[in-house]
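In our numbering, the protein residues as written are 51 to 659. Beta carbons: idealized from backbone N, C-alpha and C, even for Gly. All values reported here derive from a predicted model rather than from experimental measurement.
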Amino acid sequence: MAAPTGSVRPIEDYALIGSTEGAALIHRDGTIEWLCVPRFDSEAIFAALLGDRSHGAWQLGTPDPKARFSRRYLPETMVLETTIETDNGKALVLDFMPRPAVGGTHELVRIVRGIAGQVEIAMDLRLRFNYGAWAPWVIREEGMIVATAGPDAVRLSSSIDLDNVDFSTRARFDIAAGQSVATMLEWFPSHQSPPLPRDPYALLQRTISEWESWARSCTYMGPHAEVVRRSLITLKALTYRPTGGIVAAPTTSLPEMPGGVRNWDYRFCWLRDAVLTIYAFSGSGFHDEASAWRWWLMRAAAGAPDELQIMYGLHGERRLTEVELDHLPGYEQSRPVRVGNAAHGQRQLDVYGAVLGAFDAGRRAGLPDMDKVWPLQRAIAKNLLMLWREPDSGLWEVRGAPRHFVYSKVMCWLAFDRMVASATEFGLDGPIEDWRRARDEIHADICQHGYDDATNSFVQYYGADRVDAALLQIPMLGFLPADDPRVLGTIARIERELLENGVVYRYRTDSGDADGLPGHEGAFLACSFWLCDAWTLSGRVDDARALFERLLTYGNDLGLFAEEYDPAAGRQLGNFPQAFSHFALVNTAHTLAGQPGGVAEHLADGSTR
51 MAAPTGSVRP
61 IEDYALIGST
71 EGAALIHRDG
81 TIEWLCVPRF
91 DSEAIFAALL
101 GDRSHGAWQL
111 GTPDPKARFS
121 RRYLPETMVL
131 ETTIETDNGK
141 ALVLDFMPRP
151 AVGGTHELVR
161 IVRGIAGQVE
171 IAMDLRLRFN
181 YGAWAPWVIR
191 EEGMIVATAG
201 PDAVRLSSSI
211 DLDNVDFSTR
221 ARFDIAAGQS
231 VATMLEWFPS
241 HQSPPLPRDP
251 YALLQRTISE
261 WESWARSCTY
271 MGPHAEVVRR
281 SLITLKALTY
291 RPTGGIVAAP
301 TTSLPEMPGG
311 VRNWDYRFCW
321 LRDAVLTIYA
331 FSGSGFHDEA
341 SAWRWWLMRA
351 AAGAPDELQI
361 MYGLHGERRL
371 TEVELDHLPG
381 YEQSRPVRVG
391 NAAHGQRQLD
401 VYGAVLGAFD
411 AGRRAGLPDM
421 DKVWPLQRAI
431 AKNLLMLWRE
441 PDSGLWEVRG
451 APRHFVYSKV
461 MCWLAFDRMV
471 ASATEFGLDG
481 PIEDWRRARD
491 EIHADICQHG
501 YDDATNSFVQ
511 YYGADRVDAA
521 LLQIPMLGFL
531 PADDPRVLGT
541 IARIERELLE
551 NGVVYRYRTD
561 SGDADGLPGH
571 EGAFLACSFW
581 LCDAWTLSGR
591 VDDARALFER
601 LLTYGNDLGL
611 FAEEYDPAAG
621 RQLGNFPQAF
631 SHFALVNTAH
641 TLAGQPGGVA
651 EHLADGSTR
């Protein structure tokens with residue numbers, strides 16, 4: 051059962067289940083410690099992940115201290131199967147979140163099946179709304195329990211007897227071979243009457259069928275296909291089906307270093323992911339997802355193309371006010387716990403390249419109706435003609451002074467490069483010569499001010515004495531050839547300064563002015579995959595393949611990756627699972643396999659150089 055307050059429960063011990071609208075995290079012992087419905091960014095009903103059981107959790111397991119647990123996803127699905135073995139028997143727990151009902155009801159289903167002998171099962175449900183702050187008003191109905199708090203209500207229905215004790219709902223029963231017990235938690239708006247509960251067993255079969263049907267569209271057939279497919283399924287689970295937006299992660303405030311302050315809310319959609327999203331989905335056969343993301347991107351940007359934000363809400367909301375939840379102690383005492391994200395107000399010029407690069411990739415992938423996006427692309431490019439010379443906060447959202455970050459300038463170059471490519475190759479109208487001049491001017495500016503002759507490498511920002519792992523994308527984006535001495539020198543310096551124990555750090559945080567924040571962080575997994583890409587493009591394929599295979603071992607037993615990894619402690623860090631890590635994994639797999647779909651392949655296909 052759940053560990054006491056203060057004990058270490060590693061991030062990699064959790065599993066994700068989701069409905070493509072909301073999500074939950076389940077510990078390997080069968081305790082659900084995080085649940086956000088009806089949306090990924092809703093106020094959590096279970097928040098023990100950032101505190102303890104008093105902040106909401108749903109335990110379902112055995113009280114036997116000698117029990118053995120193992121788990122897996124049912125093949126090609128997001129249905130989690132946990133096996134419980136004791137000296138007396140064996141049972142399975144199936145956890146899943148089906149597609150929401152038409153009336154707006156969102157369900158979380160838990161089915162216990164007896165496999166052999168007899169296993170004692172104990173359940174303890176503690177509902178705490180508003181991130182663990184509110185204990186709901188609970189009433190008992192026939193065979194059900196209904197809990198209400200403000201705008202939210204949930205109904206718990208089960209085929210076993212339920213007791214209310216000390217503000218929790220409990221049950222204890224034995225499951226024998228051949229028996230099955232289903233328990234279902236349904237969220238609905240508190241001002242509405244919920245429909246009759248759906249059949250949990252029928253929902254299980256339908257959910258399995260829907261996931262299997264979706265996974266069959268995958269076209270990736272290269273090495274490590276199972277890991278790649280699992281990453282794509284995870285990315286689908288992080289997609290908000292009503293709009294096509296993709297959350298960076300389904301969690302908030304999982305720390306980049308336990309006990310530190312680098313704790314952020316990632317339940318929003320980042321524009322930096324735009325180009326990687328198109329590449330990963332369209333290159334792997336999932337054109338509907340690539341198209342849905344494209345339309346989300348268009349709608350989010352269309353409201354104010356002259357004021358692109360770095361992130362938006364699931365429906366394209368622009369205000370993502372950041373607040374701190376003082377009542378939560380945080381994961382391993384990592385405070386503050388934040389909801390919302392103040393970085394949405396930063397200027398990051400790299401998003402212009404991400405957006406225009408994504409639209410160009412969508413056009414090359416054959417997504418329908420791309421002509422409707424061209425006027426928006428022109429408006430974004432027109433604004434960037436005036437903005438690209440300005441400093442910004444950079445890809446990594448540093449909370450220090452704005453600077454002329456080299457990666458941001460490279461992405462500005464990519465924006466105009468892709469506009470020239472789209473216009474010339476698809477017969478689209480626009481001031482092509484203006485875009486070409488801006489592209490060439492930015493290229494020269496970067497080479498003059500962002501490159502250090504003494505170290506033969508590009509640097510993090512103009513005048514800096516350090517490097518940034520984002521510079522590994524220079525050859526991947528086509529800014530310079532992979533065999534250019536300046537590129538090779540940059541890769542070599544990143545290896546010396548940022549590569550440690552097989553993982554790459556974004557940048558060194560040793561200096562007090564590195565990013566305006568105290569403390570340190572783990573190595574960034576996406577950057578580690580980028581090193582594989584850079585090595586592959588520069589001819590070091592064997593090194594790239596060896597690193598890629600090593601990185602795969604840093605995922606958990608279910609193939610899920612957080613944002614970062616601590617090689618010293620051998621554990622994952624940051625919000626989990628992280629879309630950026632999984633997108634990078636998929637694209638690196640394509641690049642290593644030499645299959646169509648990798649980032650470099652897409653850009654090379656439309657090169658204007």
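In its own chain, which residues sit with a C-beta less than 6 Å from the C-beta of residue i, not counting the 5 before and 5 after it?
| i | result |
| --- | --- |
| S332 | A340 and A415 |
| V423 | M348 and F409 |
| A532 | P525, L587 and S588 |
| F466 | W485, A488 and R489 |
| G562 | Note that G562 scores a pLDDT of 49, beneath 50, so its modelled location is shaky; the value from the coordinates is reported in the next line. Excluding positions up to five away in sequence, the list is empty. |
| L375 | Y181 and V387 |
| L288 | I296, V297 and A629 |
Return the bridge partner residues of residue i from the DSSP annotation.
| i | result |
| --- | --- |
| K140 | E135 and A166 |
| S230 | R163 |
| Y604 | According to DSSP, which records beta bridges pairwise, Y604 is partnered with nothing at all. |
| E236 | E157 and R205 |
| I189 | V196 |
| W108 | I82 and L175 |
| V215 | S218 |
| F660 | Residue coverage of the chain in this structure runs from 51 to 659, which leaves residue 660 outside it and unanswerable. |
| L623 | E614 |
| A65 | I76 |
| F455 | Y511 |
| I225 | V169 |
In angstroms, rounded to a whole number, what distance separates the CA positions of residue i and residue j?
| i | j | result |
| --- | --- | --- |
| R160 | M234 | 6 Å |
| L601 | V553 | 8 Å |
| L85 | S259 | 24 Å |
| T155 | Y512 | 52 Å |
| G453 | V387 | Looking at the sequence provided, one finds Arg at residue 453 rather than Gly. Rounded to the nearest angstrom, the two C-alpha atoms are 28 Å apart. |
| W261 | W108 | 25 Å |
| L144 | R279 | 21 Å |
| F579 | N433 | 32 Å |
| G68 | K116 | 30 Å |
| D63 | R78 | 6 Å |
| I674 | W346 | Since the first residue of the chain shown is 51 and the last is 659, residue 674 is not available in this structure. |
| A97 | T302 | 10 Å |
| G167 | A141 | 9 Å |
| A504 | R516 | 12 Å |
| L610 | P627 | 6 Å |
| L426 | A352 | 7 Å |
| Q383 | P617 | 21 Å |
| F82 | I544 | What sits at residue 82 in the sequence shown is Ile, not Phe. The alpha-carbon atoms of I82 and I544 are separated by roughly 40 Å. |
Decide if residue i is buried, meaning its Cβ has at least 16 other Cβ atoms within 10 Å, or exposed.
| i | result |
| --- | --- |
| T371 | exposed |
| G380 | buried |
| A494 | exposed |
| P308 | buried |
| C497 | exposed |
| S263 | exposed |
| V204 | buried |
| A619 | exposed |
| G228 | exposed |
| V58 | exposed |
| E440 | exposed |
| F217 | exposed |
| T269 | exposed |
| G412 | buried |
| R625 | Before going further, note that residue 625 is Asn rather than Arg in the sequence given. With 16 or more Cβ atoms within 10 Å of its Cβ, N625 is classed as buried. |
Going along the chain, which residues of its own chain have a beta-carbon closer than 7 Å to the beta-carbon of residue i, five neighbours each way excluded?
| i | result |
| --- | --- |
| Y615 | V553, G572, A573, L575, Y604, Q622 and L623 |
| A342 | G294 |
| T679 | Because the chain here runs from 51 to 659, residue 679 falls outside it and cannot be looked at. |
| R468 | L406, G407 and D410 |
| A183 | H377 |
| V636 | V278, S281, L282, A330 and S334 |
| A643 | G272 and P273 |
| Y402 | L358, I430, L434, M461, C462 and A465 |
| A594 | C582, W585, T586 and L642 |
Go through its chain and collect everything with a Cβ distance to residue i's Cβ below 8 Å, but skip five positions before and after it.
| i | result |
| --- | --- |
| Y557 | W446, Q510, R516, V517, D518, A519, L548, A564 and D565 |
| D249 | none |
| E550 | A573 and P617 |
Spell out a yes or no on whether the stretch 166 to 178 and the stretch 219 to 227 are touching, meaning 3 or more CB-CB pairs, one atom from each, closer than 8 Å. Verdict: yes, contact present.
Inter-stretch contact (C-beta, 8 Å, three-pair minimum) for the stretch 355 to 371 and the stretch 316 to 325: Between the stretch 355 to 371 and the stretch 316 to 325 there are three or more inter-stretch CB-CB distances shorter than 8 Å, so the stretches are counted as touching.
Count the C-beta pairs between the stretch 119 to 130 and the stretch 186 to 206 that are closer than 8 Å, then say yes if the count reaches three, no if not. Touching, no, given that fewer than three Cβ pairs across the two stretches are closer than 8 Å.
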